[in-house]
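There are 4 protein chains.
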Amino acid sequence: MSKIKVTIWNENVHEREEGPVGDHIRTIYPEGIHNYLKGALAADDLEIRAVSLDMPEQGLPDALINDTDVLVWWGHVAHARVNDALVDKLQARVLNGMGLVVLHSGHYSKIFKRMMGTTCSLHWREVGEKERLWQIVRRHPITEGVPETFTLPHTEMYGESFDIPDDGKLIYISWYEGGNVFRSGVTFQRGNGRIFYFAPGHETFPIYHDANIQKILGNAIRWAAPECYREPWDENIRVPHEKVTSENPMAAIDTSALHKKV
Amino acid sequence: MSKIKVTIWNENVHEREEGPVGDHIRTIYPEGIHNYLKGALAADDLEIRAVSLDMPEQGLPDALINDTDVLVWWGHVAHARVNDALVDKLQARVLNGMGLVVLHSGHYSKIFKRMMGTTCSLHWREVGEKERLWQIVRRHPITEGVPETFTLPHTEMYGESFDIPDDGKLIYISWYEGGNVFRSGVTFQRGNGRIFYFAPGHETFPIYHDANIQKILGNAIRWAAPECYREPWDENIRVPHEKVTSENPMAAIDTSALHKKV
Amino acid sequence: MSKIKVTIWNENVHEREEGPVGDHIRTIYPEGIHNYLKGALAADDLEIRAVSLDMPEQGLPDALINDTDVLVWWGHVAHARVNDALVDKLQARVLNGMGLVVLHSGHYSKIFKRMMGTTCSLHWREVGEKERLWQIVRRHPITEGVPETFTLPHTEMYGESFDIPDDGKLIYISWYEGGNVFRSGVTFQRGNGRIFYFAPGHETFPIYHDANIQKILGNAIRWAAPECYREPWDENIRVPHEKVTSENPMAAIDTSALHKKV
Amino acid sequence: MSKIKVTIWNENVHEREEGPVGDHIRTIYPEGIHNYLKGALAADDLEIRAVSLDMPEQGLPDALINDTDVLVWWGHVAHARVNDALVDKLQARVLNGMGLVVLHSGHYSKIFKRMMGTTCSLHWREVGEKERLWQIVRRHPITEGVPETFTLPHTEMYGESFDIPDDGKLIYISWYEGGNVFRSGVTFQRGNGRIFYFAPGHETFPIYHDANIQKILGNAIRWAAPECYREPWDENIRVPHEKVTSENPMAAIDTSALHKKV
Chain A
6 MSKIKVTIWN ENVHEREEGP VGDHIRTIYP EGIHNYLKGA LAADDLEIRA VSLDMPEQGL
66 PDALINDTDV LVWWGHVAHA RVNDALVDKL QARVLNGMGL VVLHSGHYSK IFKRMMGTTC
126 SLHWREVGEK ERLWQIVRRH PITEGVPETF TLPHTEMYGE SFDIPDDGKL IYISWYEGGN
186 VFRSGVTFQR GNGRIFYFAP GHETFPIYHD ANIQKILGNA IRWAAPECYR EPWDENIRVP
246 HEKVTSENPM AAIDTSALHK KV
Chain B
6 MSKIKVTIWN ENVHEREEGP VGDHIRTIYP EGIHNYLKGA LAADDLEIRA VSLDMPEQGL
66 PDALINDTDV LVWWGHVAHA RVNDALVDKL QARVLNGMGL VVLHSGHYSK IFKRMMGTTC
126 SLHWREVGEK ERLWQIVRRH PITEGVPETF TLPHTEMYGE SFDIPDDGKL IYISWYEGGN
186 VFRSGVTFQR GNGRIFYFAP GHETFPIYHD ANIQKILGNA IRWAAPECYR EPWDENIRVP
246 HEKVTSENPM AAIDTSALHK KV
Chain C
6 MSKIKVTIWN ENVHEREEGP VGDHIRTIYP EGIHNYLKGA LAADDLEIRA VSLDMPEQGL
66 PDALINDTDV LVWWGHVAHA RVNDALVDKL QARVLNGMGL VVLHSGHYSK IFKRMMGTTC
126 SLHWREVGEK ERLWQIVRRH PITEGVPETF TLPHTEMYGE SFDIPDDGKL IYISWYEGGN
186 VFRSGVTFQR GNGRIFYFAP GHETFPIYHD ANIQKILGNA IRWAAPECYR EPWDENIRVP
246 HEKVTSENPM AAIDTSALHK KV
Chain D
6 MSKIKVTIWN ENVHEREEGP VGDHIRTIYP EGIHNYLKGA LAADDLEIRA VSLDMPEQGL
66 PDALINDTDV LVWWGHVAHA RVNDALVDKL QARVLNGMGL VVLHSGHYSK IFKRMMGTTC
126 SLHWREVGEK ERLWQIVRRH PITEGVPETF TLPHTEMYGE SFDIPDDGKL IYISWYEGGN
186 VFRSGVTFQR GNGRIFYFAP GHETFPIYHD ANIQKILGNA IRWAAPECYR EPWDENIRVP
246 HEKVTSENPM AAIDTSALHK KV
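Protein chains in written order, with my numbering: chain A, 6 to 267; chain B, 6 to 267; chain C, 6 to 267; chain D, 6 to 267.
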């Protein structure tokens, strides 16, 4: 069986900031969140590549996009720097079948907002409070091997209301010590592609070091991987018919000019 | 009670084409589909404006957008000419609460694809075949006063698979003489806004002259009208907390720099 | 405009218990929860009847069921005493169009479980902790006039996972001081009928005295009221066809015997 | 890897009828639909048992139910003869994780109606017309290896509106020669269990001989099989809390009597 080809993209900005915050983050993720996750999620069935915004072609040349089965996305302060043309390509690839796992502040990334069609806005607070996740769905590949509930001792709060479409299937809802709730694990299908948004992952806390979080991310990558690809349709498809006996009142008129794009 | 302010937008290209096809369309819609619908849907509770792509600011200056409760959209061959900046404004307005009724080939419009996040592609055929619509939902404001099933004698076929998100609530499925089916009436909610896609409406057949079609469109406009508007959130909202007793390991570090967009 | 005919059903067991708990509950609801709500929700557009399990025909004779637009249900320890034949009638009436508002421990009532098809089980705890409700949907008739978030100082905790179908539209998620979350306000449509489950309402706390709770219940009753009734189909409907040209290989055989129920 | 344990249940009434109809059906299914499917779906990863209503314990003794991973159900005229106690057990097993594949006129079976909560009524017609199925979802395990569209030359028509809950995920919509449409392949999740309703399968036509139909059924069985079982909760679960600091006004009162079922 061939490996699932995973690409972990990180804007990699916080990890390189000067000053005490950057210093603190580097104690948690010395080589960046992307490289940390590459190591933490390593497994025989996964071929993981870690890339970042500062690399050529923003880390995602066409050849890599077209060789990626599941894209994991971490971004926060540099969303605006991601090229729109790259977002177009990623959207097409997702609709074609590529899985997309969007992490934490990636809720505001161009690619997630593009897939959702909504503002994806939410409430937030950063006081290092406790978060408790609750599994909502009773049986799902993403929750396999994870306890029904578990805590993160310190986290950034992301709270409702979260402006996403109604068809998000709830995998997790989070409780926060400070009084908020959040749909923190939600799946969507768009075209051929599966999408998982997972809220935990603030850069100043070692959240990706947590065993449950790692288990969920590994599960999500395997869940999101496509069995196959199908080219998204660049155009609507003109199809023949069974047998039409109605008399077409337009039959005598050449309508081909009607479909010339102007 | 104040009137619902409706704006019917039409690319108005087919209606002005030279040659026999344009001549034929003008026999059905002498002043364009937008002006025809303005007349056909006239009612005491609606204030209807008809605009088109060839007007200044593509027919939709900011003042009109901000005064519109429900936008009806008809486009086909000129989707690419609609300005992206206008689409941004319309999306924001829909998420803010404006209803959006997308007609026929508007399934491929920039605004509909933006709201959906998918290709919105489909199968099609133009042989003037019969279409039969079936009401799927058993009780809905959009179907009030419309028989459970009715036919259109000649139509363009739009067929499955139709690449839209899973949360489309089915109002109508169409049967076509030539052997296809289509989710021809589907609603969505995105942010505060309600969206209705309705497939019938090919320009070379007098479909908008049909009494059932007019009834459905009038119902849909009233269903989609917002009770109120709320500004969409330009930013996530930072919120206070109940009472957090966890000790924040970041409390001694100034993290404000982290949120500076780069 | 005719009034919405509301029937509030209460098992009315706790309110009549002897001892200190019953005494306490009677200080909150001297005439029972049903009669308290009848008074609290009184409005010009509502005709409210309060009934209880100890009345003839368990409070719901056919004439009353058939005259009810919205049924509000409160039950807890006496679910098993409700007759199955009554549940059959209520289910048929809901599918016919009657709204159903299920309160608190009514999640385990026969009628709610019948409508859902699932166990409707949940986690719970009774320590009088604080509950905070968060509005999830950004625009909905049930939340009109209610703040985005509000608290109940003391409540019974109902927590996830809550075993309900996936098509529950989230109106509220609750946060509990003790670390749990719950989909505490959820709507469903079944047949012609609208259903709203709303978790707050434990009998030992004056939750129905809360102005926000009352506002939500009044909104929910108006939202759930049907515009019209349609008889549910006792049988599948045999329908004629457009025009079938395929040769039926069974045409020579009398198949009427096949449909005789045995 | 252990085999998926499949039980195919058939009321087996039509196949044993006297007269020309029964004779005709026996030419298609000499040993009954259940035994035909047992043979047609035979595969190394499936352990298939074929049972029928006329067997002891209606074909489904407890030991067999508890050893079944996926139950396939075919019934038509004998729904009423299925014991309610058996339906209770099957529902509990599905909520526990057992897959359920409901065929054709099983839409009106007690177990399907129990899982749905709706009437499950539909329109129908039996003139042996052509049916064409269209795949709606673009990527799903149930459609693997099946063409996007295919036909059945002669079928009983099942048409909309079909009274099922909104969360049915559309796998197939059928077109019928006579002018109807139907959501003919729909999945649901209820508790831990997956459900697939699939409309084709009328007893007087050799529909289960069709290679595409067999492929879909095999796929559906594998899709519906649970990875594991979890006991459904007979009772709500009382859970401890994180830390509640609110003072409980009921703390001085013994509330244990409140939860005594009456």
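Here a beta-carbon is modelled for each residue, glycine too, at the ideal position from N, C-alpha and C.
For residue i, three-class secondary structure by DSSP
{"i": "His84 (chain A)", "result": "helix"}
{"i": "Phe117 (chain A)", "result": "helix"}
{"i": "Leu76 (chain B)", "result": "strand"}
{"i": "Gly122 (chain A)", "result": "coil"}
{"i": "Arg21 (chain C)", "result": "helix"}
{"i": "Ile169 (chain C)", "result": "coil"}
{"i": "Val26 (chain B)", "result": "helix"}
{"i": "Ala48 (chain A)", "result": "coil"}
{"i": "Gly64 (chain D)", "result": "helix"}
{"i": "Lys43 (chain D)", "result": "helix"}
{"i": "Ile9 (chain A)", "result": "strand"}
{"i": "Thr250 (chain D)", "result": "coil"}
{"i": "Arg54 (chain B)", "result": "strand"}
{"i": "Ile33 (chain D)", "result": "helix"}
Identity of the residue in the options nearest residue i by Cα
{"i": "Ser126 (chain D)", "options": "D:Ser110, D:Ile141, D:Leu138", "result": "D:Ser110"}
{"i": "Ile178 (chain A)", "options": "A:His159, A:Gly198, A:Glu153", "result": "A:Glu153"}
{"i": "Pro61 (chain B)", "options": "B:Asn88, B:Arg143, B:Ile53", "result": "B:Asn88"}
{"i": "His84 (chain B)", "options": "B:Arg195, B:Asn40, B:Leu108", "result": "B:Leu108"}
{"i": "Glu2 (chain D)", "options": "D:Asp49, D:His39, D:Asp67, D:Ile221", "result": "Outside the displayed span of chain D (6 to 267) sits residue 2 (chain D), for which this structure offers no information."}
{"i": "Asn101 (chain C)", "options": "C:Ala225, C:Arg199, C:Ala216", "result": "C:Arg199"}
{"i": "Gly80 (chain A)", "options": "A:Ala90, A:Leu58, A:Gln96", "result": "A:Leu58"}
{"i": "Pro254 (chain B)", "options": "A:Arg144, A:Leu95, A:His207", "result": "A:His207"}
{"i": "Glu165 (chain A)", "options": "C:Asp67, C:Arg188, C:Ile218", "result": "C:Arg188"}
{"i": "Val99 (chain C)", "options": "C:Arg86, C:Thr73, C:Asp49, C:Ala90", "result": "C:Thr73"}
{"i": "Val186 (chain A)", "options": "A:Trp139, A:Arg144, A:Arg143, A:Ser114", "result": "A:Trp139"}
{"i": "Lys118 (chain B)", "options": "A:Glu134, A:Val142, A:Asp93", "result": "A:Asp93"}
{"i": "Val75 (chain D)", "options": "D:Ile30, D:Lys248, D:Tyr234", "result": "D:Tyr234"}
{"i": "Gly44 (chain C)", "options": "C:Ile116, C:Arg31, C:Gly223, C:Phe210", "result": "C:Gly223"}
{"i": "Met120 (chain D)", "options": "D:Leu65, D:Asp28, D:Ile169", "result": "D:Ile169"}
Same chain, Cβ closer than 7 Å to residue i, neighbours up to 5 away in sequence not counted
{"i": "His112 (chain B)", "result": "Cys125, Leu127, Tyr202"}
{"i": "Pro245 (chain C)", "result": "none"}
{"i": "Asp215 (chain D)", "result": "Leu157"}
{"i": "Tyr41 (chain A)", "result": "Tyr34, Tyr213"}
{"i": "Asp239 (chain A)", "result": "With a pLDDT of only 46 at Asp239 (chain A), under the threshold of 50, the placement of this residue in the model should not be trusted, and no figure is reported."}
{"i": "Ala47 (chain D)", "result": "Ile53"}
{"i": "Glu247 (chain B)", "result": "none"}
Own chain partners of residue i with C-beta closer than 8 Å, once the 5 adjacent residues on each side are dropped
{"i": "Val132 (chain A)", "result": "Met162, Gly183"}
{"i": "Glu52 (chain C)", "result": "Lys8, Ile9, Lys10, Val11"}
Own chain partners of residue i with C-beta closer than 6 Å, once the 5 adjacent residues on each side are dropped
{"i": "Val82 (chain A)", "result": "Val18"}
{"i": "Gly37 (chain D)", "result": "Asn15, Asn17, Glu20"}
{"i": "Lys174 (chain A)", "result": "Thr192"}
{"i": "Gly104 (chain D)", "result": "Val75, Arg199, Ala229, Ala230"}
{"i": "Ala225 (chain C)", "result": "Val106, Ile147, Phe201"}
Bridge-paired residues (DSSP) for residue i
{"i": "Leu175 (chain A)", "result": "A:Val191"}
{"i": "Met162 (chain C)", "result": "C:Arg130"}
{"i": "Gly198 (chain C)", "result": "C:Arg195"}
{"i": "Asn15 (chain C)", "result": "C:Ser57, C:Trp79"}
{"i": "Leu138 (chain D)", "result": "D:Phe155, D:Ser179"}
Closer than 7 Å: residue i CB and nearest the ligand GDP heavy atom
{"i": "Arg119 (chain B)", "result": "The model depicted lacks the ligand GDP and carries no ligand whatsoever."}
Practice prompt. Kindly provide the ranges of any alpha helix (DSSP H) runs that are 4 or more residues long and lie completely inside the region 201–243 of chain D, ordered along the chain.
Written response: Runs of alpha helix (DSSP H) with 4 or more residues, each lying fully within the region 201–243 of chain D, are found at 216–229, listed in chain order.
- Query: Can you list the beta strand (DSSP E) stretches of 3 or more residues lying completely in the region 92–117 of chain B, in chain order?
  - Reply: Whole beta strand (DSSP E) segments, 3+ residues: 104–108.
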